[in-house]
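Student: Residue numbers (my numbering): 32 to 141.
Glycine is no exception: its CB is placed at the ideal position from the N, C-alpha and C atoms.
The following block contains the structure, expressed as structure tokens.
Following this line, the structure appears as structure tokens:
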């Protein structure tokens with residue numbers, strides 16, 4: 032975290048994250064491409080949550096979330112997992128990982 036936090040601000044700015052991605056991937060993505068606002072600031076605790084891809088909380092409730100369907104709207108997917116105690120950031124991370132180009136029109140698929 033300290034190495035990514037250019038200038039020792041105590042948080043990561045959108046430009047800090049963009050720079051880290053450029054360093055790792057070697058491609059110069061725009062903030063829009065990365066889904067970041069120029070004013071975004073992320074604390075170390077938030078960064079840890081955003082990069083935690085522990086799927087166990089998600090796996091537990093899939094039967095309830097999909098309720099026999101093969102796909103559900105994004106809002107229903109998020110709210111049903113929230114009702115089961117899954118943190119909103121965890122759900123968002125999972126969706127970004129599974130659907131980097133965005134949720135298809137048919138919703139979140141099983």
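What separation, rounded to the nearest whole angstrom, lies between the Cα atoms of residue 79 and residue 45?
Tutor: Their backbone Cα atoms lie some 16 Å apart in a straight line.
Student: Do the region 64-80 and the region 111-129 make contact, defined as three or more Cβ pairs closer than 8 Å?
Tutor: They touch, by the three-pair rule.
Student: Decide if residue 120 is buried, meaning its Cβ has at least 16 other Cβ atoms within 10 Å, or exposed.
Tutor: Exposed is the call here.
Student: Using alpha carbons as the reference points, say which of 116, 76 and 101 lies closest to residue 91.
Tutor: Residue 91 has its Cα closest to that of 116, out of 116, 76 and 101.
Student: With H, G and I counted as helix, E and B as strand and the rest as coil, what does DSSP make of residue 71?
Tutor: Here residue 71 sits in coil by DSSP.
Student: With a threshold of 16 other CB atoms inside 10 Å of the CB of residue 59, please say whether the residue is buried or exposed.
Tutor: Its Cβ having fewer than 16 others within 10 Å, residue 59 is exposed.
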